[in-house]
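Structure, as C-alpha cells:
Numbering (the numbering used here), first residue to last: 113 to 631.
Rendered as C-alpha cells:
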C-alpha cells in the first residue's frame with residue numbers, strides 16, 4: 113500500500129483529492145485464497161448510468177483470469193487471448209527481474225448488476241467478475257545488503273534455507289538466486305496449488321533437493337514443517353501473521369517478526385526477531401554455538417584438575433605410604449574453590465572462534481559432556497598436570513637430598529614439596545586455560561587480550577598461590593611454605609610445556625580435518 117501511494121504521488125496524483133472526489137464506501141479485504149482485494153467507491157459523475165466503481169488489485173494471474181475487457185488508450189475493448197498472453201509475459205519478465213507485480217482492474221457498478229441495497233452485503237463473488245483490466249504495476253523490494261552474506265554463512269554451516277513465500281514463482285526464484293538461497297540453474301518451484309495435490313511421501317522426497325515454495329498460503333507452512341521433521345531435520349520457521357501460528361508452534365524453533373508480527377504469531381513463537389532481519393537469526397546461531405562451546409570449555413577446564421588432585425593420593429595409597437601424601441585435603445580444596453574459579457568463568461565469556469560457522473550442526477543426540485571432552489580433560493590435560501605436579505613434588509625433595517635420603521613426610525621440606533605439587537597444578541592450569549580457549553585453532557592466532565576476564569583470572573590465581581606460599585596464617589592453614597629460585601623456574605616452565613604439547617596435538621587434528629575434507 114505504501115509503495116502504491118508513493119507511485120501515485122510520483123505520477124502527479126493527489127491521493128486525498130481523489131478520495132474526496134471518489135469516497136470509499138466498502139472494502140473487501142485481501143485474503144491469501146483470493147490473492148486480491150477490492151474497494152468500492154462512489155463516482156462524482158455517473159459513467160454510463162453507473163454511480164459506483166469497484167477497484168481491484170491482486171496477484172496477476174488470479175486477477176487477469178477475472179477480466180473480460182481491457183482499458184486501452186482510454187477506451188474499453190475486449191480482452192482477447194493474445195492480450196492475456198502479453199500481460200502474463202510482461203508479468204514474467206518483471207518477475208525474473210525480482211520485481212513484485214500486481215494487476216489492477218476495475219468494474220463499474222450500475223442498477224443492472226442487481227447488487228444488494230446494503231453495502232455490507234457486497235461480497236467478493238458479487239463484485240469480482242467481468243473486470244476491466246487496467247494494467248500491471250511492478251515494485252522493487254530488494255533484500256537487505258547483509259542477507260546474502262548471512263545466507264552464505266548458513267550454507268557453510270550446513271544449514272539449509274527453504275523459501276516459502278506468497279510471491280509469484282519467478283519472482284521468488286529470482287530473489288532466491290540473488291541472495292544465494294538456491295544455486296542450481298533450474299530449482300524446483302512448487303506452488304500452493306501443487307502442494308495441495310502432493311502426497312506426503314512425494315513432499316518428503318522433494319524437500320531433499322533445492323526447492324522453492326511459491327504462492328503459498330501461510331497455513332500451508334505447517335505441512336512443510338511436518339514433512340521436514342519427518343525427514344529428521346531440526347526446523348526453524350519465521351512468520352508474522354495469524355495463519356503462521358500453527359507452523360511456528362509446530363517448528364522446533366518458531367521465530368516471529370517483532371515489528372510486523374501479530375500478537376498471535378509472537379505468542380506461538382519461541383523467539384521474537386526485534387529487527388525483522390534474517391541476518392539477526394544467523395548472528396543468533398553463531399552466538400548460540402559460541403555459548404555451547406564455552407560451556408564445554410568451562411567443563412573441560414573444571415574437570416581436568418581432578419586428575420592431578422587424584423593421582424598424588426593414588427600414589428600414596430598404592431605405595432602404602434612409601435610416597436608421603438603430595439597434596440593435603442585443604443590444598444585440594446584451595447584449587448577447587450580458589451584458583452580454578454576465576455579463569456573458568458573467563459572461559460564462559462570467550463568470543464566465538466574463527467570458523468565456528470564453517471562446521472555442520474552437532475548431532476541431535478550429542479551430549480554436552482561427551483566422550484571426547486572427558487578423554488581430553490582426564491587423560492590429556494589431566495595426565496600432563498599430574499606429571500608436572502609430581503615432578504614439582506620430587507624436584508623439591510631432590511633439592512634436599514633425595515634419593516640419598518627418604519622422601520620427607522613432615523617438617524619444612526615436606527611443606528615445600530607439597531607447595532610445589534600444589535603450585536605446579538596452578539601453573540599448569542594457566543597453560544590449560546589458554547589452550548582451552550580454542551578447540552582446534554592455534555592459540556597464537558587468538559589475540560591474547562581479546563578476553564580480559566581470563567587474564568584477570570590468571571592474575572588472580574597467581575596472586576592467590578603467592579599468598580599461599582608466603583602469608584604466614586595461610587601457610588599454617590594450608591601447610592605450605594616458601595620455595596627456591598630453581599623451583600620458580602620449574603613453575604614458569606609448566607604452562608609452556610602444556611601449551612607446546614597441546615599445540616602439537618591441535619596441529620595433528622587440523623591436518624586430519626583438512627585431509628578428511630579433501631577426501
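C-beta: ideal position from N, C-alpha, C; glycine also.
Nearest to residue i (by Cα), restricted to the options the options
i	options	result
residue 485	553, 586, 413	413
residue 218	212, 224, 197, 243	243
residue 230	585, 191, 138	138
residue 234	277, 190, 308, 150	150
residue 161	518, 440, 225	225
residue 203	181, 190, 174, 180	174
residue 208	250, 215, 238, 237	250
residue 467	538, 550, 436, 343	550
residue 269	589, 474, 627	474
residue 571	404, 126, 479, 546	546
residue 354	334, 377, 361	377
residue 444	533, 357, 254, 463	533
residue 346	239, 409, 568, 477	477
residue 254	483, 288, 271, 423	288
residue 609	493, 294, 516, 626	493
residue 564	471, 456, 531	456
residue 393	310, 626, 350	350
residue 146	271, 398, 240	240
residue 152	232, 316, 528	232
residue 423	620, 201, 498, 384	498
residue 319	309, 298, 339, 597	339
residue 531	397, 206, 205, 446	446
Other residues of its chain near residue i: CB distance less than 7 Å, five sequence neighbours each side excluded
i	result
residue 94	Outside the modelled stretch of the chain, which goes from 113 to 631, sits residue 94, for which no answer is possible.
residue 296	322
residue 594	581, 582
residue 252	211
residue 304	327, 328, 329, 332
residue 191	179, 180, 181, 182, 245
residue 652	What the structure shows of the chain is the stretch from 113 to 631, and residue 652 is not part of that stretch, so it cannot be assessed.
residue 435	427, 428, 519
residue 548	409, 412, 413, 459
residue 273	263, 266, 293
residue 363	337, 347, 348, 349
Neighbourhood of residue i by C-beta distance below 8 Å, restricted to the same chain and skipping five residues each side
i	result
residue 292	260, 263, 264, 267
residue 525	508, 509, 512
residue 154	134, 135, 137, 163, 164
residue 117	127
residue 256	389, 390, 391
residue 402	462, 463, 464, 465, 468
residue 611	543, 546, 547, 555
residue 121	127
Burial state of residue i (16 or more Cβ within 10 Å)
i	result
residue 458	buried
residue 169	buried
residue 600	exposed
residue 556	exposed
residue 504	buried
residue 416	buried
residue 237	exposed
residue 386	exposed
residue 585	exposed
residue 356	buried
residue 279	buried
residue 496	buried
residue 158	exposed
residue 573	buried
Residue i at chain B interface by Cβ criterion, 8 Å
i	result
residue 177	Looking for chain B here will not work: only one protein chain is present.
Neighbourhood of residue i by C-beta distance below 6 Å, restricted to the same chain and skipping five residues each side
i	result
residue 373	352
residue 501	420, 533, 536, 537
residue 172	203, 213, 215
Any non-hydrogen atom of the ligand COA closer than 7 Å to residue i Cβ
i	result
residue 248	Judged by which ligands are present, the structure shown has none, so any question about the ligand COA falls away.
Exercise. Inspect the CB distances between the region 473–487 and the region 564–581 and report whether three or more fall short of 8 Å.
Key: no
Self-check item: Cβ contact (3+ pairs, closer than 8 Å) linking the region 207–221 and the region 229–244
Solution: yes
Quiz item: Contact between the region 180–189 and the region 122–137: three or more CB pairs below 8 Å?
Solution: no
Quiz item: Taking one C-beta from the region 277–285 and one from the region 325–334 each time, how about it: are there three or more such pairs within less than 8 Å?
Solution: yes
Practice problem: Tell me, please, whether the region 444–458 touches the region 529–543 by the rule of three or more beta-carbon pairs shorter than 8 Å. | Solution: yes
Practice problem: Please confirm if the region 432–439 is in contact with the region 360–372, defined as three or more CB-CB distances below 8 Å between the two stretches. | Solution: no
Practice problem: At 4 residues or longer, and completely inside the region 343–409: list those alpha helix (DSSP H) runs for me, N to C. | Solution: 357–362, 375–380
Practice problem: List in chain order: all unbroken beta strand (DSSP E) runs of 3+ residues lying wholly within the region 195–241. | Solution: 212–221
Self-check item: Ranges of the beta strand (DSSP E) found wholly within the region 286–348, counting only runs of at least 3
Solution: 300–303, 323–326
Quiz prompt | Entirely enclosed alpha helix (DSSP H) segments - the region 518–595, minimum 4 residues | solution = 523–547, 564–582, 584–590
Self-check item: 4 or more residues per run - each alpha helix (DSSP H) lying fully within the region 436–467
Solution: 441–446, 453–459
Self-check item: Continuous alpha helix (DSSP H) assignments of at least 4 residues falling wholly in the region 143–188
Solution: 172–176
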